[in-house]
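Undergrad:
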Amino acid sequence: MITPRFSCSQTENAVVVSMYCPSIRAADVEINVDETLVTVHVNPYFLRLNFSKPLLEDDQSSANYDPSTGTLTVTLTKEHPGEAFDDLDLLAKLLAPRRAADKVTPSIEVVASENAAEDDLVAQAGRLSLENEELAQAEENDWQLPQEVPQEGLPPLSLSTQKHYGFLDMHSGYLRHVLHTENEVNELGGDAEECTKEERTARRIKHEDEKFDEEHYMADFMDDEYIQELIDWIHPHISDGTPFQYTEKENKEMLRLPRKEYIATESQTHDLYLTLVTLLFSYTYDSRTSQHDPTPESAWTMSNLTPAFTALDPPRSAHYSGGPHVFTDAEIQETLVPSYRRSLTFPLYRSFALAERCRKDVAALLQKGKRTVMRCLLEMKDILDHHEVYYIYSKIWLDDFSVWIQAEAHDEVLKVLGDAVVKAKVDKALIGWDLDIIESAALQAEDRETDSDDESSESD
């Protein structure tokens, strides 16, 4: 079955679903409404949407097909007129499977029995009730196998040297032949599939230390006229005050995303929000240095600045204590430091002031909510998807992240995170390369050169 392109809107009393289904027979359209679950089937198209509130298929509902445009328009009545339906523009969230609802089943207590035959009959009836209950639960869960989140604190069982990585450590095998590709950002070499999390972090830090160039940093610190122009530039996604609306291209990209539902613990979800900070940092650095006009180097730049890509080393907070999402100053600093280090080591422009400006961009994007964040991820994903090597990072991170942002992320948490990022203080001492000493040496050298020029002019 083909999932058609579609969009959703609402009126005071109805929800309208518009589907692009060219060359169909209108008489074959089948529509089923089960409270929040709506399915539309017409060969070869099938669409299943899970709304936030219940709908009705009554006399006011309708389905109209325009053969000239190939558009099927389905109008369904709201069970409670005037009720606002949230997130109708988050297509991946609408496509996500409906979660199983808690169900209370009546129980039967056997008080007494007359004989063994009756006991057998009661036992058979009990088994039959159990089977019916299991079938009912399976049907309620859309015939999906039940899943439970593993208990935290248990040591992982590993029967292979291969390690998992990517979004929620769900992926492996993408870097098995990395040495035979032109992957210039991979810092794990041929051991990418076997490195532990601790080894990934150690190799990343070692590589950053080896590649940091004092002279390059000093040159950009002293000759920063163009960097100041980059810092003064304003990102259009931050300055745009018009009502948000996804473009047709963005809607098409969202329809291509995988249909997945993620089961994450609270600590895993917390770490995903922190990883989002590093993704947006890489995105904002490239956007600012390219003036939001991607270059052939953009895929390399974003991949190289993202620790989760280049070393498979996303942030993992050691400070999370459970409960509501609270982001401490310490964990925000620990999340940002690798991004700062990489921005001062690998790209063309290496400026601490530029890194600070990118941090403020990240905070502003987070505060605008998940729709703006989703737009940034889609732009980042589009750049990587069209690269012949770095597309793998889109597969193991951005595909899943884009689905998760729509279906699971919350604007309230993103705002809290944005507030924490804008207040974060990343001291130069945390970077680890004596940046203050390097800058002081550069200024002193400039002063000596100025004094020498003045003495020469006086002697003349």
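For the sequence shown, position 53 matches number 489 in the numbering used here, and the numbering has no gaps at all.
Beta carbons are placed, not taken as given, at the ideal position from N, Cα and C, and that holds for glycine.
#1: What do you get for A860, buried or exposed, if any count of 16 or more other CB atoms within 10 angstroms of its CB means buried?
#2: May I ask you to list the residues that DSSP assigns as paired with L512?
#3: Rounded to a whole number of angstroms, what is the C-alpha to C-alpha distance between T781 and E650?
#4: Span of the beta strand (DSSP E) holding T475?
#5: Extract the residue ranges of the alpha helix (DSSP H) inside the stretch 690-771, only unbroken runs of 4 or more that lie entirely within it.
#6: Specify the secondary structure class of C812 as computed by DSSP and reduced to three states.
#7: Report the three-state DSSP secondary structure of S445 (helix, strand or coil).
#8: Starting from A843, trace the alpha helix (DSSP H) in both directions and tell me its first and last residue.
#9: So T714 and T771 are supposed to be a Cβ contact under 8 Å. How far apart are they, rounded?
#10: Just curious, the beta strand (DSSP E) that E629 is in, first and last residue?
#11: Taking DSSP as the reference, what is the three-state secondary structure of H652?
#12: Quick one: give me the first and last residue of the beta strand (DSSP E) that S498 is part of.
#13: Under 8 Å Cβ to Cβ from D429, same chain only, skipping five residues before and after it: list those, please.
#14: Identify every residue that forms a DSSP beta bridge with D470.
#15: Does L394 pass the burial test, meaning 16 or more other C-beta atoms within 10 Å, or should it be called exposed?
#16: Measuring alpha carbon to alpha carbon, tell me which residue in F763, V809, W833 is nearest P743.
#17: Using 8 Å for Cβ pairs, my map puts R484 next to T475. What's the rounded Cβ distance?
#18: Is DSSP giving N486 helix, strand or coil here?
#19: For a quick check, are the C-beta atoms of Y721 and V862 less than 8 Å apart?
#20: For L866 and E686, I'd like the C-alpha separation in whole angstroms.
#21: Give the range of the alpha helix (DSSP H) segment to which D797 is assigned.
#22: Do A528 and V839 come within 8 Å of each other at the CB atom, strictly closer than that value?
#23: What separation, rounded to the nearest whole angstrom, lies between the Cα atoms of K489 and D821?
#24: Could you check what DSSP says for Y973 in three-state terms: helix, strand or coil?
TA: Considering the structure as presented:
#1: buried
#2: V451
#3: 9 Å
#4: 473-478
#5: 702-726, 734-741, 743-746
#6: helix
#7: strand
#8: 835-843
#9: 6 Å
#10: Where E629 is concerned, there is no enclosing beta strand (DSSP E), given that its DSSP letter is neither H nor E.
#11: helix
#12: 498-502
#13: Past the edges of the chain, shown from 437 to 896, lies residue 429, and the structure says nothing about it.
#14: L473
#15: No information on residue 394 is available, as it lies outside the stretch 437 to 896 that the chain covers here.
#16: W833
#17: 5 Å
#18: strand
#19: no
#20: 38 Å
#21: 788-803
#22: yes
#23: 35 Å
#24: Outside the shown range of the chain (437 to 896) lies residue 973, about which nothing can therefore be said.
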